[in-house]
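Visitor: Quick one: the structure is below, and I'll ask about it shortly.
Numbering (the numbering used here), first residue to last: 31 to 199.
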């Protein structure tokens, strides 16, 4: 790159995903049992964040099961744009050196009469058996968190930009 090009184009520390980054991002999604979910409150336009039960379903992709009583449920119905963070700090070392994935998504509530709901319900309960107590309550809904884009921070100096296609099940 010439001096003229470097002066007009800022340095971007986030690289496009390669096969290893895609695999690491999918592993983070597949291994996550919970996530931090950000959303915008329809009443005041301010952001909120919730800890949610999370699953990466082989047919539906990223999803959660939410109660209509949770603050994020009406917020996502009003504005489906959201973001999630998955990844846990390991037991040793600097927590900022452990991989994590920030996923930008659009929330899609799955209808209670959707054709694939019995299979989804069974797969969710296989991973979350304690959900049997509330999964069929009338205020609970599955929400598909359809990926828009993501950034994988794989640790120090390892950041990758991913597309929705990079994260497809």
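Every residue gets a Cβ at the ideal spot worked out from N, C-alpha and C, and that includes glycine.
When you compare the segment 55 to 63 with the segment 73 to 87, are there three or more beta-carbon pairs, one atom per stretch, that lie closer than 8 Å?
Guide: With the cut-off at 8 Å, the segment 55 to 63 and the segment 73 to 87 touch.
Visitor: Report back the beta-carbon spacing between residue 41 and residue 97 to the nearest angstrom; my notes put them in contact at under 8 Å.
Guide: Here residue 41 refers to the residue found at position 11 of the chain shown. Here residue 97 refers to the residue found at position 67 of the chain shown. About 44 Å separates the two Cβ atoms, so there is no contact after all.
Visitor: In the DSSP assignment, what residue or residues form a beta bridge with residue 116?
Guide: Your numbering for residue 116 matches position 86 in the chain shown. Partner(s): 131.
Visitor: Among 128, 115 and 64, whose alpha-carbon lies nearest the alpha-carbon of residue 82?
Guide: Counting from 1 along the chain shown, the entry for residue 82 is found at position 52. It is 64 whose Cα lies nearest to the Cα of residue 82.
Visitor: Based on Cα-Cα distance, which residue from 38, 160, 107 and 113 lies nearest to residue 135?
Guide: On the chain shown, residue 135 is found 105 positions in, with the first residue counted as 1. Among 38, 160, 107 and 113, the Cα nearest to that of residue 135 is on 113.
Visitor: What separation, rounded to the nearest whole angstrom, lies between the Cα atoms of residue 93 and residue 177?
Guide: Within the chain shown, the letter at position 63 stands for residue 93. Within the chain shown, the letter at position 147 stands for residue 177. The alpha-carbon atoms of residue 93 and residue 177 are separated by roughly 10 Å.
Visitor: Verify whether the separation of the beta carbon atoms of residue 132 and residue 163 is less than 8 Å.
Guide: What you label residue 132 is simply residue 102 of the chain shown in a count that begins at 1. What you label residue 163 is simply residue 133 of the chain shown in a count that begins at 1. No, Cβ-Cβ distance for residue 132 and residue 163 is not below 8 Å.
Visitor: In angstroms, rounded to a whole number, what distance separates the CA positions of residue 101 and residue 174?
Guide: On the chain shown, position 71 is the one that residue 101 refers to. On the chain shown, position 144 is the one that residue 174 refers to. Looking at the two C-alpha atoms, the distance is approximately 17 Å.
Visitor: Using 10 angstroms around the beta-carbon of residue 120, count the other beta-carbons present and answer buried if the total reaches 16, otherwise exposed.
Guide: What you label residue 120 is simply residue 90 of the chain shown in a count that begins at 1. So residue 120 ends up on the exposed side.
Visitor: Indicate whether the contact test is met: 3 or more Cβ pairs, each with one atom in the segment 64 to 79 and one in the segment 138 to 158, closer than 8 Å.
Guide: Contact between the segment 64 to 79 and the segment 138 to 158 is absent, because fewer than three Cβ pairs lie under 8 Å.
Visitor: Rounded to whole angstroms, how far is the Cβ of residue 70 from the Cβ of residue 105, which I believe are closer than 8 Å?
Guide: Taking the chain shown and counting its residues from 1, the one referred to as residue 70 is at position 40. Taking the chain shown and counting its residues from 1, the one referred to as residue 105 is at position 75. Between residue 105 and residue 70 the Cβ distance is about 6 Å, and since that is below 8 Å, they are a contact.
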